[in-house]
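Be aware that the sequence shown starts at 46, since it is given in our numbering, and climbs by one per residue. Single-structure report; data block below.
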Amino acid sequence: MSPQILWIGLGNMGRGMVKNLVEKGSLDKPVLLYNRTRKRSEDLAATLAPQGKTEIVDTIEEGVKRADIIFTILSNDAAVRAVFESALAKKDVGDGLKNKLFVECSTIHPDTTEQLAQDVAAAGAQFVASPVFGAPPVADAGQLIFVPAGPKAAIERLRPYIKGVMGKAEIPFEDQPYGQALKLKLIGNTFVLNMVSVLGEGLTLAEKSGVGAAPVKQFLDGLFGGPYSAYGDRMLGGAYYKMAEPLFSADNARKDIGHAAALARAAGMELKNAAVVDEYLKVVADHAGGDRGDVAGIYGAVRKNAGLKYENDA
Ligand SMILES: NC(=O)c1ccc[n+]([C@@H]2O[C@H](COP(=O)([O-])OP(=O)(O)OC[C@H]3O[C@@H](n4cnc5c(N)ncnc54)[C@H](OP(=O)(O)O)[C@@H]3O)[C@@H](O)[C@H]2O)c1
């Protein structure tokens, strides 16, 4: 018999992850869905095939009571804290939370994760911190890289849902502090956000200096490919201002770069690039809205600073 799974958080990432869990997770019961905005649960349940593989719950408490494994992937530290407050509220009723496993996939500060892990352990349940690498299309394709940290036995309960289901690989921190996974995630995101910032500057310089964006894109595709090409397309094709919903919101990116900068300060060093990225993201947030602007909008921010229009009219 497969465990009962509850999924909390159906944003850009959660939706793709649930799709793969439902389709490839070998589950013999519906995945319970909870999202703060119920409509997102309804829309997802309606699109998932085969039908009846999900069931919407109205409260976190109800879902947690019925679940063996609870996944969370939410915007930021405050959202995660609020959800866990509700999830742990009934810890003293009946068997409480004994033997339940919480798998927290959001990108949050390592200290927040460590505190959550303590609260979960105090409630008698297990905890795995497992942030993920990969953009929403990667989540849709079931190709995420999971970074699970926590007791090996707890990570083993998560493993059946990683490779071949929601992910393609893992970078495990077995029997190591939970915060390690979040530190790696934040460091990883500095690579992504610095890359986006460098791309925005390079493509704008190409236009301003008269060489044009097309040869620079050819260079990027030829030498780097991967995320350089994907973000280059998102910029030059105009998706950075045309997309209905951001793939990686400016607010979430500012949270990540802020946590990375704090991590560096606590470790006795400074991330100078973090300030540059945050400055660009602030322009994106002012222009498009923090929850609506996409990180690729950094290209628009650089363009604006350079005296061009934010939109490239692609
Ligand atoms: N997008 C990426 O490229 C990417 C990649 C890897 C990891 N991540 C990380 O994964 C997490 C989710 O990212 P995302 O892009 O899916 O974010 P998103 O689209 O903004 O979705 C955020 C989710 O959090 C929920 N939420 C926000 N505040 C809440 C609160 N106070 N109480 C309850 N629920 C709340 C939202 O519910 P509503 O629907 O009600 O708003 C939604 O389900 C973030 O930590 C992000 O940093 C993102």
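Cβ atoms here follow ideal geometry from the backbone N, Cα and C, with glycine treated the same way.
C-alpha gap between residue i and residue j, whole angstroms
i, j, result
"residue 96", "residue 89", "11 Å"
"residue 221", "residue 155", "13 Å"
"residue 209", "residue 66", "10 Å"
"residue 285", "residue 167", "44 Å"
"residue 227", "residue 323", "19 Å"
"residue 183", "residue 103", "29 Å"
"residue 169", "residue 145", "8 Å"
"residue 216", "residue 333", "35 Å"
"residue 80", "residue 344", "32 Å"
"residue 48", "residue 314", "44 Å"
"residue 98", "residue 310", "46 Å"
"residue 291", "residue 58", "11 Å"
"residue 254", "residue 303", "32 Å"
"residue 141", "residue 162", "16 Å"
"residue 211", "residue 349", "38 Å"
"residue 229", "residue 120", "18 Å"
"residue 269", "residue 357", "23 Å"
"residue 85", "residue 305", "30 Å"
"residue 330", "residue 289", "15 Å"
"residue 130", "residue 160", "12 Å"
"residue 72", "residue 82", "25 Å"
"residue 186", "residue 271", "15 Å"
"residue 114", "residue 91", "23 Å"
"residue 308", "residue 63", "31 Å"
"residue 213", "residue 256", "39 Å"
"residue 341", "residue 46", "44 Å"
"residue 149", "residue 143", "17 Å"
"residue 321", "residue 112", "43 Å"
"residue 87", "residue 267", "43 Å"
"residue 263", "residue 132", "50 Å"
"residue 261", "residue 312", "37 Å"
"residue 237", "residue 335", "18 Å"
Closest Cα partner of residue i within the set the options
i, options, result
"residue 337", "350, 353, 295, 303", "295"
"residue 61", "180, 110, 153", "180"
"residue 147", "160, 125, 319, 117", "117"
"residue 351", "245, 175, 184", "245"
"residue 287", "158, 299, 339, 87", "339"
"residue 360", "69, 251, 143", "Because residue 360 is not part of the residues shown, which for the chain are 46 to 359, the question remains open."
"residue 122", "114, 99, 151", "151"
"residue 328", "319, 341, 346", "346"
"residue 301", "314, 319, 311", "319"
"residue 196", "224, 130, 312", "224"
"residue 56", "115, 271, 357, 293", "293"
"residue 134", "110, 312, 358", "110"
"residue 359", "267, 259, 160", "259"
Contact check, residue i vs residue j, beta carbons under 7 Å
i, j, result
"residue 190", "residue 172", "no"
"residue 273", "residue 265", "yes"
"residue 93", "residue 77", "no"
"residue 316", "residue 298", "no"
"residue 176", "residue 192", "yes"
"residue 198", "residue 218", "no"
"residue 75", "residue 107", "no"
"residue 368", "residue 125", "With the chain covering 46 to 359 only, the question about residue 368 has no answer from this structure."
"residue 128", "residue 53", "yes"
"residue 174", "residue 158", "yes"
Closer than 6 Å: residue i CB and nearest ligand 2 heavy atom
i, result
"residue 210", "The model depicted lacks ligand 2 and carries ligand 1 instead."
Counting pairs of Cβ atoms below 8 Å between the segment 275-287 and the segment 241-248, do you hit three or more? yes
Given 8 Å, three or more beta-carbon pairs between the segment 198-206 and the segment 228-235: no
If we require 4 or more residues per run, which alpha helix (DSSP H) segments fall completely within the segment 121-201? 122-132, 155-167, 181-185
Ignoring anything shorter than 4 residues, give me the alpha helix (DSSP H) runs that lie fully in the segment 252-292, in order along the chain. Whole alpha helix (DSSP H) segments, 4+ residues: 258-268, 271-281, 284-287.
Residue ranges of each alpha helix (DSSP H) run of no fewer than 4 residues wholly in the segment 310-356, ordered along the chain? Qualifying alpha helix (DSSP H) stretches, in chain order: 317-333, 343-350.
Pair every Cβ in the segment 248-268 with every Cβ in the segment 344-358, then say whether three or more of these pairs are closer than 8 Å. Between the segment 248-268 and the segment 344-358, the count of Cβ pairs shorter than 8 Å is three or higher; the stretches touch.
Considering only residues of the segment 70-106, which uninterrupted alpha helix (DSSP H) runs meet the minimum length of 4 residues and lie entirely inside it, listed in chain order? 83-92
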